[in-house]
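Visitor: Take a look at this one; I'll ask things after.
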Amino acid sequence: MFGLIGHSTSFEEARSKARSLGFEEYADGDLDMWCSAPPQLVERVSVTSPTGQTIEGAYIDSVFVPEMLRRFKTAKRKVIKAMELAQKSGIDITALGGFTSIIFEDFNLLKEERVSATALDWQRFTTGNTHTAWVICRQVVENAPKLGIDLASAKVAVVGASGDIGSACCRWLQRSGVGELLLVARRPQPLIDLQASLGSGRILALEDALAEANVVVWVASLPQGLSIDASRLPKPCLMVDGGYPKNLDNKVVSDDVHVIKGGIVEFWQDIGWQMMEVADMAKPQRQMFACFAEAMILDFEARHTNFSWGRNNISLESMDWVGEASLRHGFRALGLELAPPPIPGTVLSAV
Ligand code: NDP
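And the structure:
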């Protein structure tokens with residue numbers, strides 16, 4: 004059985020969801036009340052792979068909202084309590100979605116092994132970052148050529164290069180032979196270490212990298228979407244926005260700057276669940292975060308282990324494995340939907 008731990012994207016959205024479910028007390032409650040609310044197992048689903056195999060899963064709402072990020076103790080408790088509920092519900096492998104994996108790593112929750120009487124079994128949890136990194140790389144290699152970008156000579160900037168997902172993307176993209184990697188983050192030392200381990204890559208400030216990059220992979224945890232001056236970017240430019248919340252605002256899109264929602268996959272058929280309705284997916288019945296899909300893939304493959312765990316441990320072998328399993332079980336990375344070229348001989352008129 005697989006599990007997904009998630010949360011609402013904002014306090015306002017969480018309250019309106021509570022109202023729609025008939026929880027008036029929560030809908031009217033203030034943030035303090037929400038801080039003390041326990042996690043909820045809100046949905047159970049069955050999912051069938053194209054192989055014919057069916058697995059059962061559950062969605063746990065941690066009742067965390069991003070407005071709680073500054074309340075460190077609350078944020079920690081929300082994640083740990085949701086994990087405890089997943090374990091007590093008998094779930095074999097659970098993905099930590101949204102901010103929950105970042106809270107887990109940043110606050111070093113590995114130290115918090117015991118919740119009340121429950122000893123947490125880390126083998127039952129995965130950050131889902133290996134699959135997320137693989138999906139983002141796949142989005143680069145599948146979509147850059149559609150824009151006429153030759154990856155063998157392209158400059159690919161990775162914003163958040165020293166992070167867990169970013170460093171994995173750098174290793175994978177380097178192996179696939181991209182022209183040059185541009186490494187971006189705030190702290191220099193982790194970038195210098197990454198550059199040394201890659202044996203290549205150029206460390207640049209964000210603005211300098213954007214002025215050169217043909218492809219930009221966004222995998223930073225930015226507090227709010229960045230506004231970018233599209234006129235300074237090389238054209239065409241492909242941007243894969245893999246952060247959560249999304250790193251870019253919509254304003255960056257211009258004629259020759261194309262943004263893909265990064266780290267999102269589409270399943271081969273509708274699932275019949277409600278949980279993605281709040282996540283701003285174009286097709287919430289079959290689209291989901293790649294980290295959630297990792298828990299499903301691990302369950303399909305009966306690999307009940309903390310496959311993605313800790314920081315900067317993602318290997319190329321584990322990315323290759325999860326990528327093959329992802330395709331086998333009917334997941335597809337979201338791509339560009341470009342308008343078809345005009346049929347020769349037709350006249351385009353401005354209406
Ligand atoms: P990490 O915390 O491991 O890495 C974050 C990286 O971003 C670091 O390199 C950090 O370096 C850099 N960074 C942070 N702030 C800035 C900034 N203002 N400007 C430039 N660089 C910055 O995170 P993960 O690798 O685990 O996750 C990366 C992103 O992917 C997150 O937003 C996460 O929510 C998202 N994600 C998406 C998933 C999906 O399914 N689609 C699944 C899992 C994660 P430094 O601190 O030195 O700046």
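With the first letter of the sequence shown counted as 1, position 55 gets the number 58 in my numbering; the numbers rise by one all the way through. Glycine included, every Cβ here is placed at the ideal spot set by N, Cα and C.
1. Report back the beta-carbon spacing between V268 and M291 to the nearest angstrom; my notes put them in contact at under 8 Å.
2. Return the CA-CA distance between I231 and I139, expressed in angstroms with no decimal places.
3. What is the rounded straight-line gap between the Cα of K34 and the Cα of K91?
4. Straight-line CA distance for R289 to I274?
5. So what does DSSP say about K286, is it helix, strand or coil?
6. Consult DSSP for R306 and reduce its assignment to one of helix, strand or coil.
7. Assuming contact is defined by CB atoms lying nearer than 8 Å, are L154 and V144 in contact in what I supplied?
8. Would you tell me roughly how many angstroms separate the C-alpha atoms of C240 and V187, rounded to the nearest one?
9. State yes or no: is the C-beta of P42 within less than 8 Å of the C-beta of K84?
10. Please classify F5: is it buried, with 16 or more other beta-carbons within 10 angstroms of its beta-carbon, or exposed?
11. Assuming T135 and G245 form a contact by the criterion Cβ under 8 Å, report the distance between their Cβ atoms to the nearest whole angstrom.
12. On the criterion of 16 or more Cβ atoms from any shown chain inside 10 Å, does A171 qualify as buried, or is it exposed?
13. Could you give the C-beta distance for K238 and D259, rounded to a whole number, given that I count them as a contact under 8 Å?
14. Would you mind reading off the limits of the alpha helix (DSSP H) that contains R335?
15. Is any non-hydrogen atom of the ligand NDP found closer than 7 Å to the C-beta of L209, if you look at the structure I gave you?
16. Over what stretch of residues does the beta strand (DSSP E) that includes G326 continue unbroken?
17. Tell me whether Y247 sits in a helix, a strand or coil according to DSSP, three-state version.
18. DSSP on D232, reduced to helix/strand/coil?
19. Can the beta-carbon of A328 be found closer than 8 Å to that of I96?
20. Consider the C-beta atom of T133 and the heavy atoms of the ligand NDP; say whether any pair is separated by less than 7 Å.
21. Exposed or buried, L1, counting other C-beta atoms within 10 Å across all chains shown (16 or more means buried)?
22. Between G182 and T57, what straight-line distance do the alpha-carbon atoms span, to the nearest angstrom?
23. Between the Cα of S13 and those of T51, S65, G60, spot the shortest distance and give me the residue it belongs to.
24. Going along the chain, which residues of its own chain have a beta-carbon closer than 6 Å to the beta-carbon of R18, five neighbours each way excluded?
25. Once DSSP output is grouped into helix, strand and coil, what is the label at V162?
26. From S39 to G25, what distance separates their C-alpha atoms?
27. Would a C-beta distance cut-off of 8 Å place A68 and V159 closer than the cut-off?
28. Note down, in chain order, each residue of its chain lying with its Cβ closer than 6 Å to the Cβ of K81, except the 5 sequence neighbours on either side.
29. To the nearest angstrom, how far is the alpha carbon of N316 from that of C173?
30. Please tell me whether V262 and M279 are closer than 8 Å, where the distance is taken between their beta carbons.
31. Within 7 Å: the Cβ of R73 and any heavy atom of the ligand NDP?
Guide: Considering the structure as presented:
1. Counted from its first residue, the sequence shown places residue 268 at position 265. Counted from its first residue, the sequence shown places residue 291 at position 288. So it is a contact: roughly 6 Å between Cβ atoms.
2. By one-based count along the sequence shown, residue 231 stands at place 228. By one-based count along the sequence shown, residue 139 stands at place 136. Those two C-alpha atoms are separated by around 21 Å.
3. Numbered from its first residue, the sequence shown carries residue 34 at position 31. Numbered from its first residue, the sequence shown carries residue 91 at position 88. Looking at the sequence itself, residue 34 is Leu, so the reference to Lys does not match. Using only the alpha carbons, I get a separation of about 27 Å.
4. As a working mapping, residue 289 is identified with position 286 in the sequence shown. As a working mapping, residue 274 is identified with position 271 in the sequence shown. Approximately 6 Å, taken between the alpha carbons.
5. Working through the sequence shown from its first residue, we reach residue 286 at position 283. In this structure, DSSP gives K286 a state outside helix and strand, which the three-state scheme calls coil.
6. Your numbering for residue 306 matches position 303 in the sequence shown. Correct three-state label for R306: coil.
7. Position 151 of the sequence shown, counted from the start, is the residue given in the question as residue 154. Position 141 of the sequence shown, counted from the start, is the residue given in the question as residue 144. With contacts defined as CB atoms closer than 8 Å, L154 and V144 qualify as a contacting pair.
8. Along the sequence shown, read from residue 1 onward, the residue named residue 240 stands at position 237. Along the sequence shown, read from residue 1 onward, the residue named residue 187 stands at position 184. When the Cα atoms are used, C240 and V187 turn out to be separated by approximately 17 Å.
9. Within the sequence shown, the letter at position 39 stands for residue 42. Within the sequence shown, the letter at position 81 stands for residue 84. K84 is positioned such that its CB atom lies closer than 8 Å to that of P42.
10. Reading the sequence shown from its first residue, position 2 is the one you call residue 5. Counting of Cβ neighbours within 10 angstroms places F5 among the buried residues, the total reaching 16 or more.
11. Reading the sequence shown from its first residue, position 132 is the one you call residue 135. Reading the sequence shown from its first residue, position 242 is the one you call residue 245. Contact annotation, T135 with G245: C-beta distance approximately 7 Å; criterion of less than 8 Å satisfied.
12. Position 168 of the sequence shown holds residue 171. The Cβ neighbour count for A171, taken over all protein chains shown within 10 Å, is at least 16; the residue is labelled buried.
13. Taking the sequence shown and counting its residues from 1, one reaches residue 238 at position 235. Taking the sequence shown and counting its residues from 1, one reaches residue 259 at position 256. Rounded, the Cβ-Cβ distance is 4 Å, consistent with contact.
14. Reading the sequence shown from its first residue, position 332 is the one you call residue 335. The continuous stretches of alpha helix (DSSP H) do not include R335, which lies in the beta strand (DSSP E) extending over residues 334-336.
15. On the sequence shown, position 206 is the one that residue 209 refers to. Correct: L209 has its Cβ closer than 7 Å to the ligand NDP.
16. Within the sequence shown, residue 326 is the residue found at index 323, counting from 1. Here G326 belongs to no beta strand (DSSP E); instead the alpha helix (DSSP H) covers 319-331.
17. In the sequence shown, the residue the question calls residue 247 occupies position 244. Coil at Y247, not helix or strand.
18. For the purposes of this step, residue 232 is taken as residue 229 along the sequence shown, with counting starting at 1. Coil at D232, not helix or strand.
19. Locating residue 328 in the sequence shown gives position 325, counting from the first residue. Locating residue 96 in the sequence shown gives position 93, counting from the first residue. With respect to I96, A328 sits apart: the two C-beta atoms are not nearer than 8 Å.
20. Counting from one through the sequence shown, the residue named residue 133 turns up at place 130. Answer for T133: no, Cβ out of range of the ligand NDP.
21. Given a span of 4 to 354 for the chain in the structure shown, any question on residue 1 remains unanswerable.
22. In the sequence shown, counting from the first residue as 1, residue 182 sits at position 179. In the sequence shown, counting from the first residue as 1, residue 57 sits at position 54. C-alpha of G182 to C-alpha of T57: approximately 42 Å in a straight line.
23. Here residue 13 is taken as the residue at index 10 of the sequence shown, counted from 1. In terms of CA proximity to S13, S65 leads the group T51, S65, G60.
24. The sequence position of residue 18 within the sequence shown is 15, counting from 1. Only A30 meet the Cβ criterion.
25. Counting from 1 along the sequence shown, the entry for residue 162 is found at position 159. Note: V162 maps to strand in three-state DSSP.
26. Within the sequence shown, numbered from 1, the residue matching residue 39 stands at position 36. Within the sequence shown, numbered from 1, the residue matching residue 25 stands at position 22. Each residue's Cα considered, the two are about 19 Å apart.
27. In the sequence shown, the residue the question calls residue 68 occupies position 65. In the sequence shown, the residue the question calls residue 159 occupies position 156. As written in the sequence, residue 68 is Val, which differs from the Ala given in the question. The answer is no: Cβ separation not under 8 Å.
28. Within the sequence shown, the letter at position 78 stands for residue 81. S65, F67, listed in sequence order.
29. Taking the first residue of the sequence shown as 1, we reach residue 316 at position 313. Taking the first residue of the sequence shown as 1, we reach residue 173 at position 170. Between the alpha carbons of N316 and C173 lies a gap of roughly 13 Å.
30. For the purposes of this step, residue 262 is taken as residue 259 along the sequence shown, with counting starting at 1. For the purposes of this step, residue 279 is taken as residue 276 along the sequence shown, with counting starting at 1. Cβ distance not < 8 Å, so V262 and M279 don't count as in contact.
31. On the sequence shown, position 70 is the one that residue 73 refers to. No, the Cβ of R73 stays beyond 7 Å of every heavy atom of the ligand NDP.
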